[in-house]
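To start, the structure under review is shown below, and the notes come after it.
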Amino acid sequence: MRAKKEAKKNCILLSQLILSCVLFVKPALAKSLNPHWKPQSRFKKISKTRKESPASFSGDGWSPEITKAINKLIADKGNASPHYNPRKPPIATIPWEGVVTDGDIDELVFWRLIRRADFKFSDPFWNIVPIAYGRQKLRAAYEQFSPLPKTIWNTQPTYHQYLKYFVKSYQDQRLETGIKSCRIYLSRLWFGFTPQEAESYVQITLNQEKFQALKKEIIADPPEDRAPVYIRRGIRVRPQALGLIQSLNNAGFDIWIISADAEPTLKAALSWAGISYAHPAGIKIKLDKKGIFNGKISQPLPFWGGETATVIFHTGRIPALSVGFWPQDQAILSYGNGLKILISGKDKTLVKTARKKGWLIQPAFQ
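Numbering (our numbering), first residue to last: 1175 to 1540.
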């Protein structure tokens, strides 16, 4: 008798277990059996991925036509678009000099390195200075004043000769061989620095120069020199460009800032300007085994076709937006079918080219 009761009890338990399993996996069946049944899921309901709210570009300082075009680009390709792929975000390329800033960071850093004699002086360093542009007299002047206390350097004629000769070595190259050659020269002068040292040095320089007036400073030897040289001082970041960069970043674009500056200089400048999320595309300097700049330059260079090659090399994608200012920006402006914007400057030929090719033209920022 007891055995029958146990068997009956086990049968009821088994039936309840089977029914529970069926009801768990078959809610429709459960509802038909019990109209008051409600699902009791053990798992939290997974919410749908929140869609990004559309970013927008206010267009402060930009023409209405360009503001409209950029907002359309953001709507079509930004992170609120159904076609947006975060693994392959749209690319935007923007020049640093003339668009993002007023002032020349490479020249400002160069001038501070000269004035303070902060280069990593050695025989390999001096070999970077071309003989044709005054290496021997420049080194001779340095070796005369440098052992003296820094407090009296400014009273030494050889110190002022050294200042003038060094600036002239750069400016003469620029006049005779063009911007590409002289910018490579400035980049190579980081010889002996680590990337961290260089970036820290740039940050200090920019924090000092932001208080300087935008002007040319005379470097004369002697003070009555009839053929002095000049160095540009001061740096300002253009709010119009920052507004564009921030809007594009909010919309999920991959932003590349192109510059003829050394890459460590540009990287530090982007951080200083508050846009460290942008990628620096400058002149890349090679490192030795100890992680120190060895004065050699890597390809491609950010000039003419090199701008395009740099972006394509790193991303494998055609820019959705290309902004240009300099003649050497024509190559990347001509590449692909994305939105093209020329910031018009003094180059009238470049403006004619832009009109001919259908690029949008933004008047120079004030």
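We put the CB at the ideal spot given by N, CA and C, even for glycine. Note that the structure is a prediction, hence the values are computed from the model and not measured.
Here Q1536 carries a strand assignment [DSSP, helix/strand/coil].
For H1334, the enclosing alpha helix (DSSP H) has its first and last residue at 1331-1351. Taking all protein chains shown into account, I1305 has fewer than 16 neighbouring C-beta atoms within 10 Å of its C-beta and is therefore exposed. Residue state for T1489 is assigned as helix, using DSSP reduced to three classes. Minimum Cα-Cα distance from G1426 among the listed residues Q1310, K1458, L1418 corresponds to L1418.
With respect to R1362, I1302 sits close: the two C-beta atoms are nearer than 7 Å. In this structure, A1387 places its C-beta atom within 7 Å of the C-beta atom of G1408. With fewer than 16 other Cβ atoms inside 10 Å of its own Cβ, Q1473 counts as exposed. DSSP, reduced to helix, strand and coil, places L1418 within a helical segment of the structure shown. In chain order, I1429, I1449, Y1451, A1452 place their CB closer than 8 Å to the CB of N1423, counting only its own chain and leaving out the 5 sequence neighbours on each side.
Taking one beta carbon from each stretch, the stretch 1267-1281 and the stretch 1492-1509 have 3 or more pairs nearer than 8 Å; the two touch. Exclusion of the five residues before and after Y1316 leaves Y1336 as the residues of its chain whose Cβ lies within less than 6 Å of its Cβ. Taking a cut-off of 8 Å for Cβ pairs, the stretch 1515-1525 and the stretch 1280-1296 do not touch, as fewer than three such pairs fall below it.
Look at N1468 here: in three-state DSSP terms it is strand. The criterion of a C-beta distance shorter than 7 Å is satisfied by S1343 and Y1307. One Cα belongs to K1441, the other to E1373, and the distance between them is close to 7 Å.
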